[in-house]
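These notes are about the structure you will find just below.
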Amino acid sequence: MPDGIADFSIDAVCLFINPCIRDPVELLRSKLIRCLLNECLQFRTLKGLKCRLQNHRFVTPEYIKSILAAVEEACQLFKLPECAVDIVTDDKEEVDSPAILPKPEHMAHIRPMENSSHFERALMDFFTPFIYHNALYKHYNLQPVEELLICGANASKKFIRWFKSLQAAVNNDSSKSRVELLNLHIIRIEDILSPYFGESERRLASSFGYAMSTVGKGLTCICIEGIHHFQANKDDLTDLDRRLLATLLLLLDGVSKADTILPMSNVDAKARLKGPLMIVATSDKPSEELSESLTRPGRLSRTINYTD
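Each residue of the sequence shown is one higher than the one before, starting from 1 at the first, in the UniProt record's numbering.
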């Protein structure tokens, strides 16, 4: 690289998919400014910037626009003209026909948007990336773990019915990039309650552990039905409710720790998940009426409301 020409690489997928990065655009801007400043201090002049944009075809146009805006802002600080900025992509020949992202017509039978309700479209937006971008997650050694709270009367029945229809459609699909199977495990809070001390917690842990043992055989979804059992008012909780809630929180936190934020080589093989995992909890009551320990960030903070 000639003196005075800064060389900077951007992996678009890693920038926006890494859960450790809270503000991707701000991080990109600060690193780019640091790169330009180092080049300026080293050679006492800054003639231009060569920016290598990798894997841009895997992100939406909005993300690309935010990347280009950050590059433009950084260059303006150093008074670099547009002609001095060269943006190079590593996959020009594959931009028009990506190998991993599905084409819209390929998914037409999976997500019939015109006849879908807002609830069904929200669920589809939640599950689609983990179904059809499976090869991309494998490429970056990522095992996605997502947790979702669905609130509304009969939300559990509606979700299970929707998931089974999606399950049938995806399992009969022949796309090579998607997950091979969709598996559903249902844990009903009412079914695990027992009058014997410690038995309810044992049943919950056992059911959850069995569901976790199947992770890796396609996409695994664990549906925890009846989460409204744990109300926001602690005075309304019995001793059994508190013990059961504590067990559930430990299980949810254990899943979060098994999520591979770090590269595979830095994660204990026993703790590492082997495939995508979705945890969906359903409640007949609004999220405001549930225990705050369940809905705080890192647990069931993402909510979809269902109305008839």
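We treat Cβ as the ideally placed atom computed from N, Cα and C, and that holds for glycine.
Cutoff 7 angstroms; reference residue i; Cβ partners in own chain excluding five residues on either side
{"i": "Arg299", "result": "Glu147, Leu252"}
{"i": "Gly152", "result": "Asn305, Tyr306, Thr307"}
Nonlocal neighbours in the same chain, by C-beta distance under 6 angstroms from residue i, ignoring five residues either side
{"i": "Met278", "result": "Glu146, Cys221"}
{"i": "Ser194", "result": "Ser200"}
{"i": "Cys223", "result": "Ile186, Val280"}
{"i": "Val13", "result": "Asn55, Phe58"}
{"i": "Ile189", "result": "Gly226, His229"}
{"i": "Ile17", "result": "none"}
Exposure of residue i, with buried meaning 16 or more beta-carbon neighbours within 10 Å
{"i": "His133", "result": "buried"}
{"i": "Pro144", "result": "buried"}
{"i": "Cys83", "result": "exposed"}
{"i": "Thr307", "result": "exposed"}
{"i": "Arg22", "result": "exposed"}
{"i": "residue 310", "result": "Given a span of 1 to 308 for the chain in the structure shown, any question on residue 310 remains unanswerable."}
{"i": "Ala69", "result": "exposed"}
{"i": "Leu250", "result": "exposed"}
{"i": "Ser207", "result": "buried"}
{"i": "Lys158", "result": "buried"}
Between the CA atoms of residue j and residue i - distance to the nearest angstrom
{"i": "Phe126", "j": "Leu46", "result": "44 angstroms"}
{"i": "Phe197", "j": "Val280", "result": "27 angstroms"}
{"i": "Ser66", "j": "Ser213", "result": "40 angstroms"}
{"i": "Val85", "j": "Met124", "result": "39 angstroms"}
{"i": "Ala211", "j": "Ser283", "result": "20 angstroms"}
{"i": "Ile64", "j": "Pro297", "result": "27 angstroms"}
{"i": "Glu289", "j": "Leu204", "result": "22 angstroms"}
{"i": "Leu294", "j": "Glu72", "result": "42 angstroms"}
{"i": "Thr128", "j": "Cys40", "result": "44 angstroms"}
{"i": "Leu166", "j": "Leu237", "result": "36 angstroms"}
{"i": "Glu292", "j": "Val25", "result": "31 angstroms"}
{"i": "residue 311", "j": "Thr60", "result": "The question about residue 311 has no answer here: the residues shown for the chain are numbered 1 through 308."}
{"i": "Thr89", "j": "Ile160", "result": "43 angstroms"}
{"i": "His118", "j": "Asn183", "result": "24 angstroms"}
Check whether residue i and residue j have beta carbons under 8 angstroms apart
{"i": "Cys245", "j": "Phe230", "result": "The amino acid occupying residue 245 in the given sequence is Leu; Cys does not appear at that position. Yes, they are a contact pair."}
{"i": "Ile150", "j": "Leu219", "result": "no"}
{"i": "Gly254", "j": "Val215", "result": "no"}
{"i": "Ile186", "j": "Glu225", "result": "yes"}
{"i": "Leu181", "j": "Lys217", "result": "yes"}
{"i": "Cys51", "j": "Phe78", "result": "no"}
{"i": "Leu15", "j": "Ala74", "result": "no"}
{"i": "Gly48", "j": "Leu28", "result": "no"}
Residues near residue i in its chain [Cβ-Cβ closer than 8 angstroms; skip 5 each side]
{"i": "Lys11", "result": "The residue asked about is misnamed: residue 11 is Asp in this sequence, not Lys. Closer than 8 angstroms at Cβ, skipping near neighbours: Gln54, Asn55."}
{"i": "residue 345", "result": "The structure shown has nothing for residue 345, since the chain only spans 1 to 308."}
Any non-hydrogen atom of the ligand PLP within 7 angstroms of residue i CB
{"i": "Leu36", "result": "In the structure on display, the ligand PLP does not appear, and there are no ligands present to speak of."}
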